[in-house]
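Residue numbers (this note's numbering): 28 to 580.
Idealized CB from N, CA, C, for every residue including glycine.
Note that this is a predicted model, so its numbers are computed, not measured.
In what follows, a single structure is set out as structure tokens and then discussed.
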């Protein structure tokens with residue numbers, strides 16, 4: 028705005044500069060009331076803006092002024108000096124009123140916005156940043172919103188509301204990562220809480236940007252919505268029908284403990300998508316616990332496609348020996364065996380999991396369960412086995428493109444076991460006891476743990492790592508690894524997502540085992556070379572496929 032002599036407001040500040048001495052087309056950096064200001068003079072008068080460019084904080088006075096257009100020298104963002112509006116870039120810069128005293132000196136009134144009054148604008152800006160995958164804009168808005176005492180769950184919800192309806196085949200790594208990132212907020216204080224929040228938001232933004240909205244069906248007749256009908260619809264791959272049952276149940280007032288068994292049952296029907304079905308279902312319910320069940324009608328129906336279209340790996344040839352042995356197992360009787368808290372594996376089950384006998388593995392798990400291991404006991408051995416594999420993994424195999432196996436495959440053995448442990452605990456706490464479905468899931472996790480060793484079947488490996496005793500700083504160790512997973516040590520989102528969920532699962536499982544073994548394994552995973560883009564490997568495998576060479580078992 029043009030500078031004209033006016034009666035100054037009480038909070039205005041005299042800069043000591045004479046307006047007549049400031050040439051047209053010039054800029055000056057001033058410090059006004061502790062605030063860095065870029066003072067600009069154009070043919071229309073004097074204008075004041077924040078000195079820092081909103082992009083990365085570089086000084087605007089180092090930029091170029093062309094009429095009333097100011098261009099930041101560093102990354103070419105452009106601002107209108109009359110009001111601070113951004114005409115090229117992501118975000119405008121704050122402007123401040125300018126006037127001239129009767130004596131001709133320049134006076135600036137620093138605008139200090141009320142954070143609460145800015146909430147609607149900041150939420151709108153955050154949504155725009157999510158939609159356009161503008162990391163800087165999202166980060167700045169998250170910090171501002173945290174300063175305005177906005178709940179972190181509300182910030183993650185903005186990304187969920189954008190991403191859930193756009194997930195092409197249902198919720199995937201982005202919901203798992205967002206859930207774990209939200210859970211990690213408590214590891215930070217003040218503005219630093221923005222780190223896990225922005226990581227969670229940007230995973231969704233990157234994964235779902237540019238996708239169309241998937242419209243949900245109308246809710247089914249509430250009288251027809253039950254676990255049996257839902258399970259049958261998923262089995263028959265009737266997506267809309269399965270979604271309609273979930274929507275009907277939520278609409279009639281069913282809560283998380285009513286619907287969790289629906290998803291627990293579906294994920295136990297098959298070894299679903301390498302364990303992803305169990306992991307994503309766990310994360311969806313954990314997320315709703317943090318952001319509120321009133322968001323269930325957005326989160327859960329959009330998870331259903333993941334379950335409907337997920338690979339039913341128990342039907343594939345590589346699982347045939349295991350599946351045949353599983354089919355001959357009386358799961359109901361195993362579910363009724365009392366847990367013996369004194370049970371100790373003594374190495375038999377661990378040897379089977381670390382071996383390669385797929386049918387014999389079922390016998391080993393059954394024997395352990397009959398001896399009183401319980402679901403948790405079996406999962407303890409699974410976690411130990413997978414952790415050992417991670418500690419001795421030959422990282423040179425990461426770039427053996429003839430082998431469809433790598434770090435991410437092994438980490439699933441850990442996160443799958445953690446997810447099944449969560450589902451089992453929920454079933455016990457709210458359903459009355461161990462179910463055959465949970466027994467089947469435990470067997471699936473044992474199979475996956477064994478299958479993570481297929482790389483070892485083609486290579487030589489070192490000696491088995493011994494389980495370490497509980498370290499006094501085990502909690503600190505786990506928190507450090509969770510923080511490390513958020514520090515951009517990976518370049519591809521899918522690898523980042525595995526780092527986040529593995530570090531959190533390892534922290535939980537290490538406390539359960541009373542051993543740092545899962546944390547040691549995760550630390551090695553975070554520090555090791557990893558295949559991230561998958562382009563070269565995909566080309567290599569495509570060449571093999573088109574030349575009749577099959578994947579090795």
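Hey, how far is the Cα of residue i from the Cα of residue j?
i: residue 79; j: residue 521; result: 34 Å
i: residue 585; j: residue 345; result: No information on residue 585 is available, as it lies outside the stretch 28 to 580 that the chain covers here.
i: residue 248; j: residue 467; result: 31 Å
i: residue 234; j: residue 547; result: 30 Å
i: residue 97; j: residue 163; result: 20 Å
i: residue 492; j: residue 82; result: Model confidence at residue 492 stands at a pLDDT of 45, short of 50, so the residue's coordinates are unreliable and nothing is read from them.
i: residue 181; j: residue 318; result: 7 Å
i: residue 431; j: residue 420; result: 14 Å
i: residue 72; j: residue 45; result: 13 Å
i: residue 261; j: residue 341; result: 16 Å
i: residue 513; j: residue 206; result: 13 Å
i: residue 533; j: residue 418; result: 13 Å
i: residue 297; j: residue 462; result: 15 Å
i: residue 39; j: residue 135; result: 6 Å
i: residue 58; j: residue 519; result: 42 Å
i: residue 337; j: residue 308; result: 13 Å
i: residue 374; j: residue 295; result: 27 Å
i: residue 172; j: residue 146; result: 7 Å
i: residue 369; j: residue 404; result: 10 Å
Quick one: is residue i buried, meaning 16 or more other Cβ sit within 10 Å of its Cβ, or exposed?
i: residue 56; result: exposed
i: residue 445; result: buried
i: residue 299; result: buried
i: residue 129; result: exposed
i: residue 77; result: buried
i: residue 490; result: Since pLDDT at residue 490 reaches only 47, below the 50 mark, its modelled position is unreliable, and the value read off the structure follows with that caveat. Exposed.
i: residue 557; result: buried
i: residue 484; result: exposed
i: residue 220; result: buried
i: residue 50; result: exposed
i: residue 459; result: exposed
i: residue 450; result: buried
i: residue 185; result: buried
i: residue 84; result: exposed
i: residue 102; result: exposed
i: residue 343; result: exposed
i: residue 29; result: Residue placement at residue 29 is flagged as unreliable, the pLDDT there being 38, under the threshold of 50; a coordinate-derived value is accordingly withheld.
Would you mind reading off the limits of the beta strand (DSSP E) that contains residue i?
i: residue 64; result: 62 to 69
i: residue 96; result: 96 to 98
i: residue 80; result: Neither: residue 80 is in no beta strand (DSSP E) and is coded neither H nor E.
i: residue 92; result: 91 to 93
i: residue 114; result: 113 to 115
Does at least one heavy atom of the ligand NAP sit under 8 Å from the Cβ of residue i?
i: residue 475; result: Looking at this structure, you won't find the ligand NAP or any other ligand, since it has none at all.
When DSSP builds the beta bridges, which residues end up paired with residue i?
i: residue 135; result: 40, 125
i: residue 53; result: 68
i: residue 106; result: 97, 113
i: residue 45; result: 132
i: residue 75; result: 66, 123
i: residue 58; result: 63
i: residue 197; result: 195
i: residue 448; result: Answer by DSSP bridge pairing: none, since residue 448 is not bridged.
i: residue 339; result: 299
i: residue 86; result: 79
Could you tell me how far apart the beta carbons of residue i and residue j are, in whole angstroms, since I believe they sit closer than 8 Å?
i: residue 152; j: residue 168; result: 5 Å
i: residue 227; j: residue 209; result: 6 Å
i: residue 316; j: residue 288; result: Contact doesn't hold; Cβ gap of about 16 Å is too wide.
i: residue 291; j: residue 231; result: About 25 Å separates the two Cβ atoms, so there is no contact after all.
i: residue 64; j: residue 47; result: At roughly 19 Å, the Cβ-Cβ gap does not stay under 8 Å, so residue 64 and residue 47 are not in contact.
i: residue 470; j: residue 440; result: Contact doesn't hold; Cβ gap of about 14 Å is too wide.
i: residue 187; j: residue 325; result: 7 Å
i: residue 509; j: residue 531; result: 6 Å
i: residue 379; j: residue 388; result: 5 Å
In the DSSP assignment, find the alpha helix (DSSP H) that holds residue i and state where it starts and stops.
i: residue 429; result: From DSSP, residue 429 is part of no alpha helix (DSSP H); its letter is neither H nor E.
i: residue 184; result: 179 to 190
i: residue 329; result: No alpha helix (DSSP H) holds residue 329; DSSP gives it neither H nor E.
i: residue 216; result: That residue, residue 216, is in no alpha helix (DSSP H); it is neither H nor E in DSSP.
i: residue 554; result: 544 to 554
i: residue 411; result: 401 to 419
i: residue 377; result: 375 to 380
i: residue 465; result: 463 to 478
i: residue 502; result: 501 to 512
i: residue 348; result: 347 to 354
i: residue 272; result: 266 to 278
i: residue 149; result: 146 to 159
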